[in-house]
Amino acid sequence: MMRQNARKIDWDDPSEAVPVFLTVVGIPLSSSIADGLALGFVTYPVVKLLGGRGRDVHWLAHVIAVLLVADFLLVRNRLG
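At position 31 of the sequence shown the residue is numbered 32 (this note's numbering), and the sequence of numbers has no breaks.
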């Protein structure tokens, strides 16, 4: 089922392919579906911004990306 949906991705567009690839690779490497999806949610707006197409992404995706980065840095990275 996942392979059928992977065919629909525009692999020639790096701003679409990179977040998908990082999500697919991040899930097994982190042993967490949530962390792999979070990686994709963060990288999608970042890659679009770096490619000059930041306005193609809904503003809520940017907010979610910032919140996820804050979660990774502030909540999950507690010392002690």
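Positions of the beta carbon are idealized from the N, C-alpha and C atoms, including for glycine.
Values in this document were obtained by computation on a predicted structure and should not be read as measured data.
| Asked | Found |
| --- | --- |
| Distance, residue 29 Cα to residue 62 Cα | 23 Å |
| Residue 78 classed as buried or exposed, judged by whether at least 16 other C-beta atoms fall within 10 angstroms | exposed |
| Nearest to residue 14 (by Cα), restricted to the options 36, 42, 48 | 48 |
| C-alpha distance - residue 74 paired with residue 24, whole-angstrom precision | 19 Å |
| Span separating the alpha-carbon of residue 7 from that of residue 21 | 9 Å |
| DSSP state of residue 58 mapped onto helix, strand, coil | coil |
| Range of the contiguous alpha helix (DSSP H) that encloses residue 42 | 34 to 51 |
| Continuous alpha helix (DSSP H) stretch holding residue 19: start and end | 15 to 31 |
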